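S.K.:
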Ligand SMILES: Cc1cc2nc3c(=O)[nH]c(=O)nc-3n(C[C@H](O)[C@H](O)[C@H](O)COP(=O)(O)OP(=O)(O)OC[C@H]3O[C@@H](n4cnc5c(N)ncnc54)[C@H](O)[C@@H]3O)c2cc1C
Ligand code: FES
Ligand code: FES
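Chains as they are written, first to last, in our numbering: chain A, 62 to 353; chain B, 201 to 379.
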């Protein structure tokens, strides 16, 4: 029977309380949100902590999807299921709906949170790829107040983020820009499994021409990766099958997959190209109000 | 530490370690062994119970995290000595063989029918996609849920009763004879 090493358990009653506890207890303490990454790791003793600070009571404050004129704000405790079922997200960022349908399974989605996903920083984390694609920013709270970190600067390596020991992620912000849409494609070995490769794409268009495009890949590098070269190559050009193929080729070139039990590096590179192509094609169709 | 929660409508209080998982709390401290425990990787779903009305994997929730909340296990499905329609569906349509996955399957599919009384086959398969059954190939589980849905909406007639279409008379008698 796999159980975690003994630890002390505390419940945070507010964000300030959680941060105060983290500051007092130091690096031997961890926040537990949905617990669906942390507890499996602790059961297998891949991670051991002396204190767990449960932040689930903060769901009523930090579980939300708020639409504003220029951005959508999502609270860190918003659960996968709430993201999947949000009509606002479906309308503005259909990529969330695509991704959430294939993240784990309905039971896991009832617990896991967006904050936990981003802070876990697994190279295969699907929501990290979504947030990278949408150029999100993370609001990080510490003893001295708040700072905002772009996704491009959020990851420091596998399982490492810009969130410090006595800090907490409280919100993720997504800029709203007109005439755009998005999509997500994932290949897994079986239902509910982590990605072999997955890819998000977002495009914005004006007058038949792509004004901006972003791609975010998961499971093909130390962290989910945005690919600026794709954005540069696509801006100012009309969409076409050839252009999607070009974007795919850049993705395959740029990514750094490794061979593991989910597939060979070569196969993953092939998937990076193919999924980039498919996600771009679907995102562009959606800009025109069509579903493929 | 002391935890208090409502389990199947009853308030329970126990002294536990912070690291105790909800599944072991239910099985070892409350002797509710209907909830099964089948893996160490949060993959099998045999441990599914309801936490505040939503199915969760109880091996991936601390007992301490459930304190102050409401838990419902397979033992809580039966009401006033009557099996829940979902339980009867699994009986009628042979939704189980060894039965190891069954408590979890019953809890997720009960939740499904509560929110979606007439699910499609795809929706049923999605609802149980976090659970593994090594015996049935899932087909009979899907039929069991469809049986319960029809039973609850009053649209089940003898001609659409999958048990009457698909099973041998002998096995039907055996099912009916069970206590
Ligand atoms: C069977 C299974 C299959 C899965 N499949 C997938 C999949 O296909 N794709 C996928 O993307 N994910 C998958 N996951 C992971 C799932 O999405 C997790 O829920 C998610 O990664 C973590 O969210 P959580 O809220 O459970 O985080 P937790 O496990 O509670 O926390 C994870 C880490 O983040 C830290 N943390 C949490 N919240 C905060 C915060 N607000 N501020 C600072 N630090 C914080 C914790 O201290 C911990 O270090 C799977 C999980 C399981 C169990
Ligand atoms: S025991 Fe396998 S998922 Fe909980
Ligand atoms: S009936 Fe044996 S595992 Fe499902």
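Using N, Cα and C, we set each Cβ at its ideal position, and we do this for glycine too. The structure displayed is predicted, hence computed values, not measured ones.
(1) Is the segment 211-224 of chain A touching the segment 309-326 of chain A in the sense that three or more CB pairs, one from each, lie closer than 8 Å?
(2) Would residue 327 of chain B count as contacting chain A if we go by Cβ distances under 7 Å?
(3) Report yes or no: is there a C-beta of chain A within less than 7 Å of the C-beta of residue 219 of chain B?
(4) Residue 89 of chain A: beta carbon under 6 Å from a heavy atom of ligand 1?
(5) Nearest by alpha-carbon distance to residue 305 of chain A: which of A/69, A/196, A/345 is it?
(6) Cβ of residue 238 of chain B versus every heavy atom of ligand 2: is any distance shorter than 6 Å?
(7) Is residue 264 of chain B close to chain A, meaning its C-beta is less than 7 Å from at least one C-beta of that chain?
(8) Can you pull the chain A neighbours of residue 303 of chain B, defined as C-beta to C-beta under 8 Å?
(9) In the DSSP output, what is residue 201 of chain B paired with across the bridge?
(10) Is residue 271 of chain B helix, strand or coil when you go by DSSP?
(11) Is it a yes or a no for the segment 209-220 of chain B touching the segment 325-342 of chain A, going by three-plus beta-carbon pairs under 8 Å?
(12) Can you list, in chain order, the residues of its chain whose CB lies under 8 Å from that of residue 297 of chain A, leaving out five sequence neighbours each side?
(13) Determine whether the beta carbon atoms of residue 263 of chain B and residue 230 of chain B lie at a separation below 7 Å.
(14) Residue range of the alpha helix (DSSP H) that residue 69 of chain A falls in?
(15) Comparing C-alpha positions only, which one of A/238, A/169, A/171 sits nearest to residue 130 of chain A?
(16) Along chain A, in chain order, which residues have C-beta atoms closer than 9 Å to that of residue 317 of chain B?
(17) In whole angstroms, what separates the C-alpha of residue 280 of chain A from that of residue 354 of chain B?
(18) Counting by C-beta, which residues lie closer than 5 Å to a heavy atom of ligand 3, in chain order?
(19) Using a C-beta to C-beta distance shorter than 9 Å, which residues of chain A count as neighbours of residue 241 of chain B?
(20) Within the 7 Å Cβ cut-off, does residue 256 of chain B reach chain A?
(21) Can you tell me which of the three DSSP states residue 352 of chain B falls into?
(22) Does the distance between the C-beta of residue 245 of chain B and the nearest non-hydrogen atom of ligand 2 fall short of 6 Å?
(23) Give the DSSP bridge partners of residue 221 of chain B, in chain order.
(24) When every heavy atom of ligand 1 is checked, does at least one fall within less than 6 Å of the C-beta of residue 62 of chain A?
(25) In chain B, which residues lie less than 8 Å from residue 252 of chain A when you measure between Cβ atoms?
(26) Taking Cβ-Cβ distances shorter than 8 Å, what residues in chain B pair up with residue 167 of chain A?
(27) With DSSP run on the structure shown, which of helix, strand or coil describes residue 102 of chain A?
(28) Check whether the Cβ atoms of residue 359 of chain A and residue 108 of chain A lie closer than 7 Å to each other.
(29) Over the uninterrupted beta strand (DSSP E) stretch that includes residue 235 of chain A, give me the two end residues.
(30) For a test of the three-state rule: what should DSSP assign to residue 426 of chain A, helix, strand or coil?
(31) Would you say residue 98 of chain A touches ligand 2, meaning its beta carbon is less than 6 Å from a heavy atom?
(32) Take residue 311 of chain A and list the residues in its own chain whose beta-carbon comes closer than 7 Å to its own, dropping the five residues that flank it on each side.
(33) Got a sec, what are the start and stop residues for the alpha helix (DSSP H) residue 291 of chain B sits in?
(34) Decide if the segment 148-168 of chain A is in contact with the segment 248-256 of chain A; the criterion is three or more beta carbon pairs, one per stretch, under 8 Å apart.
(35) Would you mind sorting residue 321 of chain A into buried or exposed? The rule is 16 or more other CB atoms within 10 Å of its CB.
(36) Could you have a look at residue 366 of chain B and say whether DSSP puts it in helix, strand or coil?
M.R.: Result, derived from the coordinates:
(1) Of all C-beta pairs linking the segment 309-326 of chain A to the segment 211-224 of chain A, fewer than three are shorter than 8 Å, placing the two stretches out of contact.
(2) Chain A, which has a Cβ nearer than 7 Å to the Cβ of residue 327 of chain B, makes this yes.
(3) So yes, residue 219 of chain B belongs to the interface.
(4) Taking non-hydrogen atoms of ligand 1 into account, the C-beta of residue 89 of chain A is found less than 6 Å away from none of them.
(5) Here the closest residue by C-alpha is A/345.
(6) In this structure, residue 238 of chain B has its beta carbon less than 6 Å from a heavy atom of ligand 2.
(7) Judged by the 7 Å Cβ criterion, residue 264 of chain B is in contact with chain A.
(8) The contacting residues do not exist; residue 303 of chain B stays about 13 Å from chain A at best.
(9) BP columns for residue 201 of chain B are empty, so no partner.
(10) The answer is strand: DSSP assigns residue 271 of chain B an E or B state.
(11) No, they do not touch.
(12) Only 270, 271, 272 meet the Cβ criterion.
(13) Not a contact, by the Cβ cut-off of 7 Å.
(14) It is not in any alpha helix (DSSP H) - residue 69 of chain A instead sits in the beta strand (DSSP E) that spans 69-72.
(15) For the residues A/238, A/169, A/171, the minimum Cα distance to residue 130 of chain A belongs to A/238.
(16) Contact note: residue 317 of chain B does not reach chain A at a C-beta cutoff of 9 Å; the least C-beta distance is about 17 Å.
(17) Roughly 48 Å between the two C-alpha positions.
(18) Answer in sequence order: B/296, B/297, B/298, B/300, B/301, B/333, B/334, B/335.
(19) Per Cβ cutoff of 9 Å: 63, 101, 104, 105.
(20) Cβ-Cβ to chain A under 7 Å: yes for residue 256 of chain B.
(21) Helix at residue 352 of chain B.
(22) Yes - ligand 2 has a heavy atom lying nearer than 6 Å to the Cβ of residue 245 of chain B.
(23) Beta-bridge pairing links residue 221 of chain B to B/262.
(24) The nearest non-hydrogen atom of ligand 1 is 6 Å or more from the C-beta of residue 62 of chain A.
(25) Simply 329.
(26) Within 8 Å Cβ-Cβ: 255, 308, 326, 327, 329, 330.
(27) Residue 102 of chain A falls in the helix class under three-state DSSP.
(28) No statement about residue 359 of chain A is possible, as the shown extent of chain A runs from 62 to 353 and does not include it.
(29) Per DSSP, residue 235 of chain A belongs to the beta strand (DSSP E) from 229-236.
(30) Shown here, chain A extends from 62 to 353; a query on residue 426 of chain A therefore has no answer.
(31) For ligand 2, not one heavy atom lies less than 6 Å from the Cβ of residue 98 of chain A.
(32) Within the same chain, residue 311 of chain A has close Cβ partners 288, 290, 291, 294.
(33) Here the alpha helix (DSSP H) through residue 291 of chain B covers 285-292.
(34) Three or more beta-carbon pairs separated by less than 8 Å link the segment 148-168 of chain A to the segment 248-256 of chain A, which places the two stretches in contact.
(35) Under this definition residue 321 of chain A is an exposed residue.
(36) Confidence at residue 366 of chain B is low in this model, with a pLDDT of 47, below 50, so the placement of that residue is unreliable and no value is reported for it.
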